[in-house]
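See structure below.
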């Protein structure tokens, strides 16, 4: 039995991704208005009736095409969730292709447990469900108590594109994670491709963000093509350091597959200088101008994955086909 009439909304930074969902879901984008005040505050006004409806709200919290910060977009989503619930929606689901605030997922000293705080805020805003892809750590799911979160896997879409542009794929390929935390991902990719996996180990600075103290590579890479797989590239410091180390060790062609390509600070400049390709996804909005100016960046869409998840949730059907690739 369906959860109610399906309605799709999008916050300002979610419109690009939401438009990719429309024809797959055979719905129109429902209307809301966001009003910005001079002091930096804003409010959201729901302009369509949602009473008794099963509502899905799309928001890309990290949006390089906008001047709004991650915090601005996240709070805008929280406001909208609260407004939808107060307007009588029976169920409200946040569609966050990239889930922010997840890197601080362990309590350390006098630091906040930001991942847990983000989950609590989403629940407090009234969201019944969250859909995202490739959370930064598996334990994040356990931070959600009242709200249920679905962590959708992107591997089959990325691998399908990788195989499409690498028709000469053979046993010379080695799959590698940039750190120990990504070893399971690398092993999964290597099994699907039928090739070996190698491992990199890095020690980050305790005092300076995005700084690597040491990096070591375990496994034979000399004379091999390398596919580096990761969930996220932020400043690209780790990735650039790893690529340079692999070149020193005699690796041949190097490619990168990554779900969330944030590419902040000097990442774009540094990656251009490396002369390698990156396969990313549309969990991070990119302008057409960016794609034209940066031909090394190849984009895979996860819209069909999220559309199917929305359809299954609305119909109260299993997600098994989405998780088991």
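Residue numbers (this note's numbering): 0 to 324. Every residue, glycine too, gets a C-beta built ideally from N, C-alpha and C. Just so it is clear, the structure is predicted and the values come from calculations on it, not from any experiment.
Proximal residues to residue i (C-beta, below 7 Å), its chain only, five neighbours per side dropped
i           : result
residue 3   : 51, 52, 53, 89 and 90
residue 62  : 12, 72 and 284
residue 222 : 249 and 251
residue 82  : 43 and 45
residue 244 : 214 and 216
residue 41  : 33, 34, 35 and 75
Rounded separation between residue i and residue j - CA only
i           : j           : result
residue 332 : residue 67  : The displayed coordinates of the chain run from 0 to 324. Any statement about residue 332 would go beyond what the structure contains.
residue 129 : residue 80  : 11 Å
residue 308 : residue 125 : 20 Å
residue 296 : residue 257 : 11 Å
residue 1   : residue 316 : 9 Å
residue 233 : residue 261 : 5 Å
residue 127 : residue 311 : 15 Å
residue 287 : residue 239 : 25 Å
residue 191 : residue 102 : 27 Å
residue 356 : residue 98  : This structure gives no information on residue 356, because the portion of the chain shown stretches from 0 to 324.
residue 322 : residue 37  : 45 Å
residue 246 : residue 119 : 44 Å
residue 92  : residue 291 : 34 Å
residue 181 : residue 77  : 30 Å
residue 184 : residue 106 : 24 Å
residue 326 : residue 25  : Because the chain here runs from 0 to 324, residue 326 falls outside it and cannot be looked at.
residue 320 : residue 147 : 18 Å
Outcome for residue i when other beta-carbon atoms lying within 10 angstroms are tallied against a minimum of 16
i           : result
residue 145 : exposed
residue 294 : exposed
residue 44  : exposed
residue 155 : exposed
residue 313 : buried
residue 116 : exposed
residue 132 : buried
residue 164 : exposed
residue 96  : buried
residue 189 : buried
residue 235 : buried
residue 70  : exposed
residue 377 : Missing from the structure shown is residue 377; the chain here goes from 0 to 324 and no further.
residue 220 : buried
residue 153 : buried
residue 110 : exposed
8 Å CB neighbourhood of residue i in its chain, flanking five on each side removed
i           : result
residue 178 : 199, 200, 201 and 237
residue 138 : 104
residue 49  : 6, 29, 83, 86, 87 and 88
residue 140 : 134, 148 and 150
residue 21  : 7, 27 and 28
Secondary structure of residue i, DSSP reduced to three states
i           : result
residue 242 : helix
residue 195 : strand
residue 95  : coil
residue 279 : strand
residue 200 : strand
residue 215 : strand
residue 73  : helix
residue 254 : strand
residue 286 : coil
residue 10  : coil
residue 53  : strand
residue 37  : coil
residue 114 : helix
residue 236 : helix
residue 350 : Residue 350 is absent from the structure shown; the chain starts at 0 and stops at 324.
residue 317 : coil
residue 297 : strand
residue 105 : coil
residue 220 : coil
residue 124 : coil
CB contact check: residue i to chain D, cutoff 8 Å
i           : result
residue 129 : Among the protein chains of the structure shown there is no chain D, as only one such chain exists.
Other residues of its chain near residue i: CB distance less than 6 Å, five sequence neighbours each side excluded
i           : result
residue 254 : 226 and 276
residue 242 : 253 and 273
When the Cβ atoms of the segment 295 to 312 are set against those of the segment 267 to 282, are three or more pairs found closer than 8 Å?
-> Taking a contact to require three or more Cβ pairs closer than 8 Å, the segment 295 to 312 and the segment 267 to 282 qualify as touching.
Practice task
Tell me, please, whether the segment 56 to 76 touches the segment 5 to 12 by the rule of three or more beta-carbon pairs shorter than 8 Å.
Solution key: The segment 56 to 76 vs the segment 5 to 12: in contact.
- Is there contact between the segment 153 to 172 and the segment 188 to 195, where contact requires at least three CB pairs shorter than 8 Å? Output reads yes: the segment 188 to 195 touches the segment 153 to 172.
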